[in-house]
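Residue numbers (my numbering), protein chains in the order written: chain B, 1 to 112; chain V, 1 to 114.
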């Protein structure tokens with residue numbers, strides 16, 4: 001089966017750095033994604049990792065260790081608008097196509 | 001980036017009626033589309049994979065007779081919630097994979113069954 005774990009909630013201060021962890025167990029691993037979702041809206045793409053290491057994209061970075069089944073999303077210079085849910089999603093190849101399976105999401109609250 | 005649209009964005013219906021939700025890829029073709037549902041403060045749960053020209057593949061625990069999926073063309077997939085009940089009230093989101101690694105999501109449809 002597939003299992004994706006991430007913390008339910010986190011809080012952080014404006015201007016600070018926060019790291020959101022994600023652990024996963026899956027077969028047919030074919031990449032890990034991070035999405036941001038504001039309440040009532042569709043998820044928006046943040047990052048993608050398929051090889052081990054760190055991918056940096058502006059204020060956001062994502063890290064992957066395939067051997068450990070572990071990823072994290074790092075948000076720097078936090079802004080109030082970063083308050084949202086952050087979804088870790090694993091893409092697995094099964095039955096002839098790729099499926100994207102989501103973790104439960106981490107609700108991040110950024111306060112002044 | 002590529003755009004995926006959904007219609008309607010919101011729908012309220014009476015218990016026992018059927019509701020159809022459309023998902024369109026506006027500027028690209030999608031042989032595969034995915035349907036998710038999301039309960040408040042919960043994550044997206046994959047319901048089924050819609051395949052153009054063939055039957056949809058449903059995830060375990062999802063009733064195929066309850067949630068009818070039709071992928072009529074390379075740009076359109078529909079999800080019909082049949083004989084809807086209040087417990088079917090949810091946020092339904094579709095997505096389609098692009099040429100690269102990204103998956104493009106529609107804006108979602110909020111279904112409320114009275």
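C-beta: ideal position from N, C-alpha, C; glycine also.
With which residues is residue i paired in a DSSP beta bridge?
i                     : result
residue 53 (chain B)  : B:64
residue 97 (chain V)  : V:103
residue 85 (chain V)  : The partner list for residue 85 (chain V) (beta bridge, DSSP) is empty, contrary to what the question assumes.
residue 6 (chain V)   : V:23
residue 37 (chain V)  : V:45 and V:92
residue 59 (chain B)  : BP columns for residue 59 (chain B) are empty, so no partner.
residue 20 (chain B)  : B:73
residue 147 (chain B) : The structure shown has nothing for residue 147 (chain B), since chain B only spans 1 to 112.
residue 84 (chain B)  : B:108
For a quick check, are the C-beta atoms of residue i and residue j less than 8 Å apart?
i                     : j                    : result
residue 46 (chain B)  : residue 36 (chain B) : yes
residue 103 (chain B) : residue 87 (chain B) : yes
residue 100 (chain B) : residue 84 (chain B) : no
residue 93 (chain V)  : residue 39 (chain B) : no
residue 38 (chain V)  : residue 46 (chain V) : no
residue 31 (chain B)  : residue 57 (chain V) : no
Here's the rule: buried if 16 or more other CB atoms are within 10 angstroms of the residue's CB, otherwise exposed. What is residue i?
i                     : result
residue 8 (chain B)   : exposed
residue 3 (chain V)   : exposed
residue 84 (chain V)  : buried
residue 27 (chain B)  : exposed
residue 73 (chain V)  : exposed
residue 49 (chain B)  : buried
residue 111 (chain B) : exposed
residue 97 (chain V)  : buried
residue 30 (chain V)  : buried
residue 67 (chain B)  : exposed
residue 63 (chain B)  : buried
residue 15 (chain V)  : exposed
residue 6 (chain V)   : buried
Which first and last residues belong to the beta strand (DSSP E) in which residue i is found?
i                     : result
residue 108 (chain B) : 106-111
residue 43 (chain B)  : Segment: none, residue 43 (chain B) is in no beta strand (DSSP E) and carries neither H nor E.
residue 5 (chain B)   : 3-5
residue 62 (chain V)  : Residue 62 (chain V) -> no beta strand (DSSP E), and no H or E assigned at all.
residue 10 (chain B)  : 9-13
residue 17 (chain V)  : No beta strand (DSSP E) contains residue 17 (chain V), which DSSP labels as neither H nor E.
residue 114 (chain V) : That residue, residue 114 (chain V), is in no beta strand (DSSP E); it is neither H nor E in DSSP.
Compile a chain-ordered list of the residues in the stretch 60-84 of chain B whose CB is closer than 9 Å to at least one CB of chain V. Answer set for the stretch 60-84 of chain B: empty.
Proximal residues, the stretch 88-103 of chain V versus chain B, C-beta separation under 8 Å: Of all residues in the stretch 88-103 of chain V, 91, 93, 95, 97, 101, 102 and 103 have a Cβ within less than 8 Å of some Cβ in chain B.
Taking a Cβ distance cut-off of 9 Å, strictly less, list which residues of the stretch 42-54 of chain V are near chain B, in chain order. Cβ contacts with chain B come from 42, 43, 44, 45, 46, 49 and 51.
Could you name the residues of the stretch 96-107 of chain B whose beta carbon sits closer than 8 Å to any beta carbon of chain V, in the order they occur along the chain? Here the close residues are 97, 98, 99, 100, 101, 102, 103, 104, 105 and 107.
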